[in-house]
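Heads up: the sequence shown begins at 109 in this note's numbering, then just goes up one per residue. The beta-carbon is built from N, C-alpha and C at its ideal position, and this holds for glycine as well. Model, not experiment: these values are computed from the prediction.
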Amino acid sequence: MLAGRIAGLDGLEAKTDAHLDVKTKGDTKVIKLNSRNYAATSGDNIGFQVKPAGNAASGTATIIGGQISPRFLDGKLGANLIGLHVDAYLKGTTGDISADVRALNLELVADEGGARAIGGDVTGIRIRSYLPAGTITGKKQAIKIEVPESGGKAYDAVLALTSTHGAVWDVKGSDYSPSQPRAKIKVLVNGTAYWLVGYAVEPT
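In structure tokens:
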């Protein structure tokens, strides 16, 4: 019997063509990966890494980096159902951060000079919904932003767009009256382009 740890283990690999199943015994216990203190003072300290790589010459396979699918079984009751909880947590009261704090960092990247053809969309975040029945007492929305809690720093903005991006988001020159729309953001509604406009002065 393994008493919670295996001394000297540096790898874990299934030896049969079957799923590698790792489970806890108690309902309130978790599988911990690198939940420890890091002493390194430079470089990237990464808790865990998953990098499945497609290695077939041709095919129609889909590569998925990770799949999370919590659920309540049929007829079972509960309070909340949360797919993924992420918090970037600054513990204690001292110790400055010299750069950013980000709860989630998403990137769409390729090697320099890459010339792959992509037959579909390129999307940073895709939200799909299918709730066919039942009553929702609250509201159903794609994105919900909670007001900062009491004692916390206020938001500076709901959205930050860096620089300008031509017809997608842009700002007219300073010669335009501040009371006239100066900023624009392009959105696609059912494939048709529309623009949200913004003013240089706060509406009253």
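Cβ-Cβ distance between T272 and D264 below 7 Å: Taking a C-beta distance under 7 Å as the contact criterion, T272 and D264 do not qualify as a contact pair.
Let me check understanding here. Comparing Cα to Cα, which of V217, V138, K199, Q157 lies closest to V209? K199
Residues in the same chain with beta-carbon distance under 8 Å from L120, minus the five sequence neighbours each way, listed in chain order, please. L128
What would DSSP say about A111, mapped onto helix, strand or coil? Low per-residue confidence applies at A111: pLDDT is 48, beneath 50, and the placement is therefore not dependable enough to give any value.
Is the beta carbon of V305 sitting closer than 7 Å to the one on K294? The Cβ-Cβ distance between V305 and K294 does not fall below 7 Å.
Between T231, R179, A250, which has its C-alpha nearest L216's C-alpha? T231
Quick check: the Cα distance between A111 and S143, rounded to an integer number of angstroms? For A111, the pLDDT reaches just 48, beneath the cut-off of 50, and the residue's location in the model is therefore unreliable, although a value from the coordinates is still provided. Each residue's Cα considered, the two are about 18 Å apart.
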